[in-house]
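Q:
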Amino acid sequence: MSLRGIGFVTTEPLEILFLMGCTGCGKGAVAREFARRVDAEILSVDSMKVYRRMDIGTAKPDPEIRREIPHHLIDVVEPHEDFSVAAFVPLAESAAAQIAGRGRTILAVGGTALYIKALSEGLFEGPSADPEIRARLTDRAETDGLETLYNELAAVDPAAARRIHRNDARRIVRALEVYEVTKQPISTLQTQWDQHSTRHRCTFIGLRREIDDQNHRTNMRVKRLIARGWVDEVRALLFEPRPLSRTARQALGYRELIEHVHGRVTLEDAVEKIKISTRQFGKAQRTWFKRFSNVQWFDLSPQDTADQVAEHMVKNWQEPCCK
Numbered sequence: 361m362s363l364r365g366i367g368f369v370t371t372e373p374l375e376i377l378f379l380m381g382c383t384g385c386g387k388g389a390v391a392r393e394f395a396r397r398v399d400a401e402i403l404s405v406d407s408m409k410v411y412r413r414m415d416i417g418t419a420k421p422d423p424e425i426r427r428e429i430p431h432h433l434i435d436v437v438e439p440h441e442d443f444s445v446a447a448f449v450p451l452a453e454s455a456a457a458q459i460a461g462r463g464r465t466i467l468a469v470g471g472t473a474l475y476i477k478a479l480s481e482g483l484f485e486g487p488s489a490d491p492e493i494r495a496r497l498t499d500r501a502e503t504d505g506l507e508t509l510y511n512e513l514a515a516v517d518p519a520a521a522r523r524i525h526r527n528d529a530r531r532i533v534r535a536l537e538v539y540e541v542t543k544q545p546i547s548t549l550q551t552q553w554d555q556h557s558t559r560h561r562c563t564f565i566g567l568r569r570e571i572d573d574q575n576h577r578t579n580m581r582v583k584r585l586i587a588r589g590w591v592d593e594v595r596a597l598l599f600e601p602r603p604l605s606r607t608a609r610q611a612l613g614y615r616e617l618i619e620h621v622h623g624r625v626t627l628e629d630a631v632e633k634i635k636i637s638t639r640q641f642g643k644a645q646r647t648w649f650k651r652f653s654n655v656q657w658f659d660l661s662p663q664d665t666a667d668q669v670a671e672h673m674v675k676n677w678q679e680p681c682c683k
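Numbering (the numbering used here), first residue to last: 361 to 683.
1. Give the secondary structure of histidine 672 by DSSP, where H, G and I count as helix, E and B as strand, and everything else as coil.
2. For proline 518, which option in Thr548, Glu616, Ala596 and Val621 has the closest C-alpha, if you only look at C-alpha atoms?
3. Nearest to aspartate 572 by alpha carbon, out of Arg530, Pro662 and Arg646?
4. In the DSSP assignment, find the unbroken beta strand (DSSP E) run with isoleucine 466 in it and report its ends.
5. Considering only DSSP beta bridges, list what threonine 563 is partnered with.
6. Could you tell me the distance, in whole angstroms, from the CA atom of glycine 417 to the CA atom of leucine 598?
7. Look up alanine 400 in the DSSP assignment and give the residues it is bridged to.
8. Smallest Cα separation from arginine 639: which of Leu433, Arg526 and Val436?
9. Could you have a look at valine 541 and say whether DSSP puts it in helix, strand or coil?
10. Can valine 469 and leucine 379 be called in contact, C-beta distance under 8 Å?
11. What is the DSSP secondary structure of leucine 660, reduced to helix, strand or coil?
12. Could you check whether the Cβ of glycine 482 sits closer than 7 Å to any heavy atom belonging to the ligand GDP?
13. Taking the alpha carbon of isoleucine 689 as the reference point, which residue from Leu660, Gly461, Glu372 and Asp504 has its own alpha carbon closest?
14. Whose C-alpha, out of Val405, Glu537 and Ala478, is nearest the C-alpha of proline 491?
15. Within the same chain, show all residues whose beta-carbon is closer than 8 Å to that of valine 516, passing over the 5 residues directly before and after it, in chain order.
16. Which residue wins for smallest C-alpha separation from valine 655, given the options Cys562, Val669 and Arg615?
17. CA-CA distance, proline 680 and threonine 465?
18. Closest by CA to tryptophan 648, which one among Met408, Ala473, Gly381 and Arg496?
19. How would you label threonine 383, buried or exposed, when you count the other beta carbons within 10 angstroms and need 16 or more for buried?
20. In terms of residues, what are the limits of the alpha helix (DSSP H) holding isoleucine 493?
21. Given this structure, state the Cα-to-Cα distance separating glutamine 574 from arginine 427, to the nearest angstrom.
22. Which of the three DSSP states is assigned to histidine 576 in this structure?
23. CB glutamate 401 to CB histidine 432, shorter than 8 Å?
24. Would DSSP call tryptophan 553 helix, strand or coil?
25. Can you confirm whether the region 388-406 touches the region 667-674 when touching is taken to mean that 3 or more C-beta pairs between the two stretches lie within less than 8 Å?
26. Counting pairs of beta carbons, one from the region 441-460 and one from the region 495-503, are three or more of them closer than 8 Å?
27. Whole angstroms are fine: how far does the CA of leucine 509 sit from the CA of glutamate 688?
28. Is it the case that the Cβ atoms of valine 621 and arginine 584 are separated by a distance below 8 Å?
29. Assuming phenylalanine 443 contacts serine 480 under a Cβ cut-off of 8 Å, what Cβ separation, rounded to an integer in Å, is found between them?
30. Going straight from the alpha carbon of glycine 482 to that of arginine 559, what length do you get?
31. Restricting to Cα atoms, I'd like to know which of Leu627, Lys675, Val541 and Ala587 is closest to phenylalanine 658.
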């Protein structure tokens, strides 16, 4: 992977305001209204918005919005390139330092909990990779199916399985690799990481909805993205000279639409599968968010507008709480 202009990883703590929530809860619209009120630039904490030309399915903000409010860590790698939290942190810290240098508020927005945790606390590295074990597990994922490996992970490390989406091949393979190398569950090793103090001066704000409301928004979101041309976007990506990377294929909905474009499932069936996988992912996100004990949560109703929520947040948000 070629990442130009990575810059530096700051050693000075920064004041970062995180806005988190499940996919489709309305973070983006609220973040933009909030940014206008507090003179902020938005730092995307989303593992899939980093990919160029994966615009519709990842629900990137429109170009005119990004011209009005600077957004960072969007469109930084090609779809054929792998991307990881280890690549994200130095990019994010460099962007955050530049925002702070301009005297503006750093508003980190996203639902990728692992990235939020790594940016605020630093990286959990774990044992070094074992190429032979990783290659064998990757081959098994192709031949036996990823579901088989996920079930094996659930048997040896149920805590990790609850946090990892069943379609996240990279993290499933890594968790099983760590178990083989250390004979300990990766979730147990991560408890030491959980005890770290935050690397920066962080404030965490969360948006959450009742399950029925969240599920309804998920269904409407998928319908809206399909109407905007998501299938054509996937088709265009498949016609590019180099194939989608393993991590790019893990973006919500793309796997199902690839199956549709190849003629293996109907669009109707693909859409239903996307809705189900998105709801499952939301459940995994809620489990991850429980690990953040100092989040100021705002409970949203279906009637709340982004403007109303942002105004309420400005009046009620607490000063940095993680020193």
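By construction, the Cβ of each residue, glycine as well, lies at the ideal position given by its N, Cα and C atoms.
A: On the basis of the data shown:
1. Numbered from 1 along the sequence shown, position 312 holds the residue referred to as residue 672. Residue state, collapsed to three classes: helix.
2. Indexing the sequence shown from 1 puts residue 518 at position 158. The shortest C-alpha separation from proline 518 is found at Thr548.
3. Position 212 of the sequence shown, counted from the start, is the residue given in the question as residue 572. Taking only the C-alpha atoms, the option nearest aspartate 572 is Pro662.
4. The residue labelled residue 466 in the question sits at position 106 within the sequence shown. Start and end: 465-470.
5. Locating residue 563 in the sequence shown gives position 203, where the first residue counts as 1. Beta-bridge pairing links threonine 563 to Leu377.
6. If you number the sequence shown from 1, residue 417 lands on position 57. If you number the sequence shown from 1, residue 598 lands on position 238. Their Cα atoms are separated by approximately 14 Å.
7. Here the question's residue 400 lines up with position 40 in the sequence shown. Bridge partners of alanine 400: Thr465.
8. Counting from 1 along the sequence shown, the entry for residue 639 is found at position 279. Nearest option by C-alpha distance: Arg526.
9. Taking the first residue of the sequence shown as 1, we reach residue 541 at position 181. In the structure shown, valine 541 sits in a helix (DSSP, three-state: H, G or I).
10. Counted from its first residue, the sequence shown places residue 469 at position 109. Counted from its first residue, the sequence shown places residue 379 at position 19. Yes, they are a contact pair.
11. Working through the sequence shown from its first residue, we reach residue 660 at position 300. Strand.
12. In terms of ligand content, the structure shown is empty, and the ligand GDP therefore cannot be addressed.
13. Within the shown structure, residues of the chain are numbered from 361 to 683, placing residue 689 beyond reach of any answer.
14. The residue you call residue 491 lines up with position 131 of the sequence shown. Cα-wise, what sits closest to proline 491 is Glu537.
15. Mapped onto the sequence shown, residue 516 falls at position 156. Excluding positions up to five away in sequence, the list reads Leu536, Tyr539 and Pro545.
16. Counting from one through the sequence shown, the residue named residue 655 turns up at place 295. Nearest of Cys562, Val669 and Arg615 to valine 655, Cα basis: Cys562.
17. Your numbering for residue 680 matches position 320 in the sequence shown. Your numbering for residue 465 matches position 105 in the sequence shown. Its pLDDT being 48, under 50, proline 680 is placed unreliably in this model, and the value from its coordinates should be taken loosely. Their backbone Cα atoms lie some 12 Å apart in a straight line.
18. Position 288 of the sequence shown holds residue 648. Per the Cα distances, Ala473.
19. Counted from its first residue, the sequence shown places residue 383 at position 23. Answer is buried; the Cβ neighbour count reaches 16.
20. What you label residue 493 is simply residue 133 of the sequence shown in a count that begins at 1. From DSSP, the alpha helix (DSSP H) with isoleucine 493 extends over 491-503.
21. Residue 574 sits at position 214 when you count from the first residue of the sequence shown. Residue 427 sits at position 67 when you count from the first residue of the sequence shown. Between glutamine 574 and arginine 427, the C-alpha separation is close to 29 Å.
22. For the purposes of this step, residue 576 is taken as residue 216 along the sequence shown, with counting starting at 1. Residue state, collapsed to three classes: helix.
23. If you number the sequence shown from 1, residue 401 lands on position 41. If you number the sequence shown from 1, residue 432 lands on position 72. The answer is yes: Cβ separation under 8 Å.
24. Your numbering for residue 553 matches position 193 in the sequence shown. Note on tryptophan 553: pLDDT 47, under 50, position unreliable in the model; the coordinate value appears next. Residue state, collapsed to three classes: helix.
25. yes
26. no
27. Here the chain comprises residues numbered 361 to 683, so residue 688 is not present and cannot be evaluated.
28. Residue numbering aside, residue 621 sits at position 261 when the sequence shown is read from its first letter. Residue numbering aside, residue 584 sits at position 224 when the sequence shown is read from its first letter. In this structure, arginine 584 does not lie closer than 8 Å to valine 621 by Cβ.
29. Along the sequence shown, one-based indexing puts residue 443 at 83. Along the sequence shown, one-based indexing puts residue 480 at 120. Not confirmed; about 19 Å, so no contact.
30. Here residue 482 refers to the residue found at position 122 of the sequence shown. Here residue 559 refers to the residue found at position 199 of the sequence shown. Glycine 482 and arginine 559: Cα-Cα distance of roughly 6 Å.
31. Reading the sequence shown from its first residue, position 298 is the one you call residue 658. Selected option, being the one with the closest Cα: Lys675.
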